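So the first sequence is numbered by numbering that gives the first Met the number 0: it starts at 0 and just counts up by one. Below is one structure, written out as structure tokens; the observations come after it.
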Amino acid sequence: MSTVITRFAPSPTGYLHVGGARTALFNWLLARNMGGQFVLRIEDTDLARSTEDATRQLLEDLAWLGLKWDNETLVYQSKRLDIYNKLIDDLIARDLAYQAWETPAELDAMRDQAKRAKRPFVYRRRKYTEDELKRFKDENRTPVIRFAMDVKEYRFHDVTLGKDCVQHPSEVQDFVIRKGDGMPTYHFGVVVDDADMGITHVLRGLEHLQNTFNHIALQDALGYVRPIYAHLSVMLNPENGEKLSKRDRDRRIRKRAQEWMRSTKRTVGDLSASTTLTEARLTEWLNTDTIQLDLSEQPKVMKTVGLKESDLPEIMIHDFRKNGYAPEVVNNFLALQGWSPGNDLEQMTAEQMVEKFSLDRIISANPKFNRDKLKSFSTDWFSKASPERLLAAIKDYLSVNPASPLNAATDTQLADMLRMNAGFHVLAEVEEKSRFFFIPDDQIEYDPAAIEKTLIKNDRAGAIALKSARDVLASTTDWSMHGLESAVKAHCEQSGQGLGKIAQPIRVAISGSTVSPPIFDSLAFLGRDKTLARVDRCLRLPG
RNA sequence: GGCCCCAUCGUCUAGUGGCCUAGGACACUGCCCUCUCACGGCGGCGACAGGGGUUCAAAUCCCCUUGGGGUCACCA
């Protein structure tokens with residue numbers, strides 16, 4: 000049997016989407032499992048949306064996931080126009096393709112009309128009169144090229160569905176293969192390139208199922224061998240049960256903004272004032288699901304309504320990276336969205352997944368993308384990862400989070416952070432709980448609720464405890480984790496207080512919040528001078 | 001709406017006619033651990049969508065209903 004060749008063929012419109020990543024992963028797993036090749040092709044035939052920057056981001060994400068492609072030079076469809084055009088001209092010469100002159104507006108009107116008449120719209124070849132053709136040319140129209148489909152039943156076998164998929168003749172229509180701008184459509188490019196690259200297995204999302212009839216017709220006309228088709232389920236957003244979409248992030252922000260306005264009795268005007276966006280812009284966004292804020296507007300709104308980056312659903316692979324997931328975990332979890340090795344096996348290395356992968360264990364039902372379980376996988380993985388791998392992971396995390404004060408930390412200090420925060424879910428959590436160490440003493444922001452709860456409440460019991468703890472700390476000679484622990488615990492025993500009564504005020508004093516790594520670790524790391532400075536500053540706080 | 005795909009705990013799934021009183025993981029929850037947030041340990045709750053067949057036997061095969069999803073572009 001010949002070698003298996005699979006491919007991933009994204010269009011470069013931005014960072015890699017989880018759905019795309021899973022498709023890439025499955026193709027990669029199959030190729031590796033069968034000892035074949037996994038190739039990458041860039042489908043940049045949409046001139047308006049494709050950018051070089053997007054291609055760069057795509058490759059970066061794929062590399063981050065560790066999905067290496069085997070073709071040394073990437074195939075760009077935009078560089079293969081001559082090949083497509085020659086083939087299209089041949090098809091025209093054989094009368095298997097033809098010029099179609101309708102404008103997009105006219106096509107819309109035809110669809111509308113069909114819809115009103117409750118008839119399905121199918122485009123079939125029509126004869127233009129001489130007068131019509133003259134008029135189209137006078138109007139400077141550029142025709143598209145459509146493929147002349149034989150009106151008959153089309154059928155192909157799908158491996159993951161384990162059955163034949165059939166299209167009835169009544170559904171058959173002539174689809175566009177060359178656009179008005181001279182570029183081939185997806186349908187044409189994909190068929191030609193898959194054949195040229197010797198693709199044996201096409202694993203792609205279920206949304207392409209109906210396209211496959213067009214593709215096999217084209218393959219027959221062009222004399223290509225048909226690859227094996229395996230359509231993958233679509234990953235669903237658990238919140239609305241629909242296909243995961245970039246828009247889900249914007250939806251979350253909108254929902255929160257509306258809640259914020261309701262609960263704080265604010266108006267669009269208030270939102271506008273604190274975000275510097277215009278009221279008109281905000282109003283249309285709040286009322287229209289299809290309108291999204293752009294990347295510069297989002298953070299402004301998020302800040303005022305109290306949303307963090309990590310509160311948004313991760314949709315792009317880059318989002319997972321920014322929130323501090325490891326690529327191993329993302330791959331593992333993605334592999335389980337529509338595939339299972341059986342035997343209750345879940346957590347696997349890439350090598351194990353490669354070994355176990357097989358097409359007949361792909362699941363055809365659509366999974367809801369459950370981030371809780373991903374997070375749990377992450378917690379588990381980080382707890383087992385080697386110190387070297389953890390250090391590399393947090394450095395990668397910081398490289399995509401340049402604003403974090405942890406960027407100033409040395410490798411040794413980062414290792415300390417990882418150790419102190421053992422049990423963390425994602426690296427963003429390590430960052431959140433450790434950033435206070437790397438912020439200047441006078442820039443620690445004290446959380447008013449924390450101050451109230453641990454220092455002021457009960458007749459300032461916490462503040463009093465902090466004051467006495469300050470003396471104990473100041474007189475501690477052995478400023479190590481153990482030295483501090485024995486000194487503070489002795490003080491607790493002597494004063495008849497639980498450790499909690501002392502530790503919490505100290506924690507708030509040094510970190511500004513009620514949450515931090517274990518207290519003695521934290522004190523030892525922070526050092527005597529900084530600790531005392533922060534405690535003193537805290538004790539001087541008004542109120 | 002037409003066409004297509006799908007259907008086991010809330011979620012991801014194991015299950016390929018008898019090993020099923022349906023297994024695991026996440027979530028939820030009770031207890032334990034504990035200087036905070038976490039981590040961890042031991043328990044608990046919890047599903048074969050409904051209705052017809054086929055069969056000695058059905059979560060598993062067939063049909064219908066219902067429900068969910070996808071798709072109907074000069075976007076991929």
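Every residue, glycine too, gets a C-beta built ideally from N, C-alpha and C. Just so we're clear, the structure is a prediction, and the values are computed from it rather than from any experiment.
Between the C-alpha atoms of residue i and residue j, what's the straight-line distance to the nearest angstrom?
| i | j | result |
| --- | --- | --- |
| F435 | I443 | 7 Å |
| L64 | V399 | 15 Å |
| T275 | V233 | 38 Å |
| V224 | H214 | 11 Å |
| T348 | L389 | 16 Å |
| H490 | A523 | 17 Å |
| K509 | R469 | Note that residue 509 is Ile in the sequence shown, not Lys. Between I509 and R469, the C-alpha separation is close to 12 Å. |
| K114 | E170 | 15 Å |
| H230 | A407 | 47 Å |
| R140 | R360 | 50 Å |
| Q209 | R154 | 11 Å |
| D88 | Q98 | 11 Å |
| P237 | A486 | 51 Å |
| A220 | K117 | 33 Å |
| V328 | I198 | 29 Å |
| R134 | R40 | 40 Å |
| T102 | D180 | 13 Å |
| L373 | W380 | 10 Å |
| Y445 | K529 | 16 Å |
| M480 | H317 | 38 Å |
| D163 | T263 | 57 Å |
| D94 | F120 | 23 Å |
| S339 | K500 | 49 Å |
| S1 | D173 | 34 Å |
Starting from residue i, follow the alpha helix (DSSP H) in both directions and report where the run begins and ends.
| i | result |
| --- | --- |
| Q503 | 498-510 |
| T303 | 296-304 |
| H424 | Run containing H424: none; DSSP gives neither H nor E here. |
| R140 | Segment: none, R140 is in no alpha helix (DSSP H) and carries neither H nor E. |
| Q493 | 480-494 |
| R248 | 246-263 |
| T411 | 410-419 |
| L405 | Element bounds for L405: n/a, residue is neither H nor E. |
| E278 | 278-286 |
| I518 | 518-525 |
| D269 | 267-274 |
| T44 | Segment: none, T44 is in no alpha helix (DSSP H) and carries neither H nor E. |
| K394 | 386-398 |
So if DSSP puts residue i in a beta bridge, which residue, or which two residues, is it bridged to?
| i | result |
| --- | --- |
| M315 | H16 |
| C164 | F155 |
| G204 | L231 |
| P183 | R177 |
| K242 | L235 |
| K367 | L235 |
Note the first and the last residue of the continuous beta strand (DSSP E) segment covering residue i.
| i | result |
| --- | --- |
| T102 | No beta strand (DSSP E) contains T102, which DSSP labels as neither H nor E. |
| F37 | 36-41 |
| V143 | 143-146 |
| V175 | 175-177 |
| R124 | Premise fails: R124 is in no beta strand (DSSP E) and is neither H nor E. |
| T5 | 4-7 |
Tell me whether the beta-carbon of residue i lies closer than 8 Å to the beta-carbon of residue j.
| i | j | result |
| --- | --- | --- |
| R6 | M196 | yes |
| L465 | P516 | no |
| L454 | A448 | no |
| K432 | T513 | no |
| L235 | N330 | no |
| L311 | R246 | no |
| L29 | L202 | yes |
| Y228 | D149 | no |
| G188 | T54 | no |
| W284 | R250 | no |
| Q76 | D192 | yes |
| L358 | R21 | no |
| V190 | L217 | yes |
| P386 | A421 | no |
| G589 | L270 | In this structure the chain extends from 0 to 542, so residue 589 is not present and cannot be described. |
| E59 | S10 | no |
(Q) For a minimum of 3 consecutive residues, which ranges assigned as the beta strand (DSSP E) are wholly contained in the region 321-365? (A) none
Q. What are the start and end residues of each continuous alpha helix (DSSP H) run of 4 or more residues lying completely inside the region 56-120, in chain order?
A. 80-92, 103-115
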